[in-house]
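Each residue of the sequence shown is one higher than the last, beginning at 1 in UniProt numbering.
Glycine included, every Cβ here is placed at the ideal spot set by N, Cα and C.
I have placed the structure first, in the form of structure tokens, so that the comments after it can refer back to it.
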Amino acid sequence: MPKRGRPRQTQAATDSTAEAPAPARRVSRTPQDPFQATADDAVYKVDRIVGIRFVKGVRQYLVAWEGYAEKDQTWEPMENLGGCAKEIREYELERERLEAEAKHKVLESREAAKRKADEEAAARAQEAAAAAAEGGAEENPEQPSALRGHRQKKHPLWECFDLQQEKPCCKLPNPAGGGICGATPSTKAGTSNFWAHLWTHHRAKWYELKRAAGQLNAAGKAELEHLSKMLQQPSLAGQAHGGTHLKGTLTGAAKQTMDRLTAEWIVDEDQPFSAAATPGFKRMMFTATGGKYDGCCAKTVKANISGMAKEGKQEVIEFHKELLDRGVKPSASGDLWSKNRTALFGLISHGIQRRESTESDGTSRNCSIYIYI
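See below:
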């Protein structure tokens, strides 16, 4: 049982000649020195623990003392609560129970909001289907957004989000299955959070929109020829000013080709994604291209590598279809590893085809043809 000293009151002035007595001041119940409590004779009994806080990393409990009012509750460190293990344990168990109940209520409210969004989206989909069946969709093919603030959003990105709500929510199918996604990315960073949502949860749609916008294209022969012409072309602004000190510029397609080549170099040479943003690389590319290109950031490299992975997957699918059409049994061997917080998968496909061959003596036998691509 903790040993506590009674609060001491300062004695008021008794001099009759004083104009007014000094106000009484109650000394703190908790001694500033924790060892001072053992020097007092009075012992106070703990009624219950009602609160907790941390002061500079030190745990303190709010103690209600038996026989004292609520205003006399004090914050006590652990060293002042010897013999109060039962009260502390009861308080901690109650606190854990209350926190669990609060967390459960938050999860229930989130699930309810998500169910409501799914129901509203399903209702809108049914209304749209009914209107299309009755021919109403042909009379009004382009329905304006219900909110005026979203009517200027014409980019294909917004086709993936419901603009009839204050906060646009994703109306793509849920990747985990069952209903729509219903996520509402933050609008504080323009379209960045919406693109990030598609990249994380709807990668196929993200890739489709990027390719439709002319991004993430492969560096083919036509792209390399266009890039070569752009790099050889002198700066028109520099010629107009009688010098070559002004920085030239690349078209969007040419810069995209340079970004793609940079991403391929990073993959081939096993470099970090930020290698193209280092001062040395930027200075080298700036000098080599006459100031027209100076590298790209890790985010651009990551986007191009995602596009390369999508292309590789499509190539494997087409190759396997070709093998099956030719009657070849496909087989594959792969390796999975991780780098730069990105999972990478390498795949080698091959097939074996059996056919009859004629020997020099006129006899025929089955032989295996090994195909490797």
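To the nearest angstrom, how far is the alpha carbon of residue i from that of residue j?
i	j	result
residue 331	residue 348	8 Å
residue 200	residue 102	30 Å
residue 58	residue 120	50 Å
residue 71	residue 203	59 Å
residue 52	residue 60	6 Å
residue 293	residue 251	11 Å
residue 74	residue 160	57 Å
residue 66	residue 46	6 Å
residue 311	residue 269	19 Å
residue 183	residue 117	9 Å
residue 193	residue 50	43 Å
residue 63	residue 106	30 Å
residue 153	residue 95	48 Å
residue 157	residue 211	12 Å
residue 80	residue 336	58 Å
residue 306	residue 98	45 Å
residue 313	residue 110	36 Å
residue 338	residue 213	29 Å
residue 267	residue 291	25 Å
residue 174	residue 54	43 Å
residue 187	residue 155	15 Å
residue 85	residue 100	23 Å
residue 87	residue 68	17 Å
residue 104	residue 112	12 Å
residue 123	residue 295	49 Å
residue 78	residue 164	56 Å
residue 176	residue 91	41 Å
residue 89	residue 108	29 Å
residue 288	residue 334	38 Å
residue 185	residue 299	19 Å
Give the DSSP bridge partners of residue i, in chain order.
i	result
residue 158	Partner(s): none; residue 158 has no beta bridge.
residue 61	52 and 76
residue 169	162
residue 180	173
residue 46	65
Using 10 angstroms around the beta-carbon of residue i, count the other beta-carbons present and answer buried if the total reaches 16, otherwise exposed.
i	result
residue 256	buried
residue 301	buried
residue 125	exposed
residue 143	Interpretation of residue 143 is limited by its pLDDT of 49, a score under 50 that renders its predicted location unreliable; no figure is taken from the coordinates.
residue 127	exposed
residue 273	buried
residue 262	buried
residue 83	exposed
residue 206	buried
residue 209	buried
residue 258	buried
residue 162	buried
residue 76	buried
residue 279	exposed
residue 260	buried
residue 130	exposed
residue 303	buried
residue 346	exposed
residue 178	exposed
residue 276	buried
residue 181	buried
residue 93	exposed
residue 323	buried
residue 254	buried
residue 297	exposed
Specify whether the stretch 316-325 and the stretch 275-284 touch according to this definition: at least 3 beta carbon pairs, one from each stretch, less than 8 Å apart. no
At what residue ranges does the stretch 94-120 contain a whole run of the beta strand (DSSP E), taking only runs of 3 or more? none
At a cut of 8 Å, does the stretch 184-200 reach the stretch 159-176 through at least three beta carbon pairs? yes
My parser needs the alpha helix (DSSP H) runs of 4 or more residues fully inside the stretch 247-295; what are they? 252-268 and 279-288
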